[in-house]
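Once you know that position 96 of the sequence shown is 1435 in the numbering used here, the rest is easy, because the numbers rise by one and skip nothing. Glycine included, C-beta positions come from ideal geometry on N, C-alpha and C.
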Amino acid sequence: MATEIQIPQPEIVHPLDYLIRTDRIPHIWCSGCGIGTVFSACLRAMAASGIDLEKTCMVSGIGCTGRGAGYLNLDSFHTTHGRAIPFATGLKLGNPELNVVVFSGDGDLFA
């Protein structure tokens, strides 16, 4: 009879885990795709800037980049094709205190 061996593993913690909805990982982006790199740079910039995350939201459209907002531990809005910028503008006009970030790709922005 085989005996199961339990080897304790240290908990791996990423420095930006507080910004990420880790329950939604793994992400949908293809290996080699630059979206993950851009997304990571965006998160690092948000962390380094010291902005109030309680007053920050992310808006995204559709397509591959549209999933970005769903991975963040912030208020986020997934809008219809080509409407991320108008939606974000409305958020900012409605609440000027809000930090609004748009994460979108070329197809969505040109629509």
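Check each candidate in the options and name the one with the smallest Cα separation from residue i.
i, options, result
"L1358", "P1425, M1385, I1367", "M1385"
"I1390", "L1437, A1450, D1445", "L1437"
Going by other Cβ atoms of all chains shown within 10 Å of its Cβ, with 16 needed for buried, is residue i buried or exposed?
i, result
"V1440", "buried"
"D1356", "exposed"
"S1443", "buried"
"C1369", "exposed"
"V1311", "Given a span of 1340 to 1450 for the chain in the structure shown, any question on residue 1311 remains unanswerable."
"G1373", "exposed"
"D1447", "buried"
Could you compute how far the alpha carbon of residue i sits from the alpha carbon of residue j?
i, j, result
"G1402", "R1363", "17 Å"
"L1430", "F1416", "10 Å"
"H1366", "R1360", "10 Å"
"S1388", "C1381", "11 Å"
Assign residue i to one of three DSSP states: helix, strand, or coil.
i, result
"I1344", "coil"
"S1443", "coil"
"V1398", "strand"
"D1414", "strand"
"G1359", "The question names Gly, but residue 1359 in the sequence shown is Ile. Strand, per DSSP."
Does the distance from the CB of residue i to the CB of residue j come in under 8 Å?
i, j, result
"F1378", "G1405", "no"
"G1400", "A1423", "yes"
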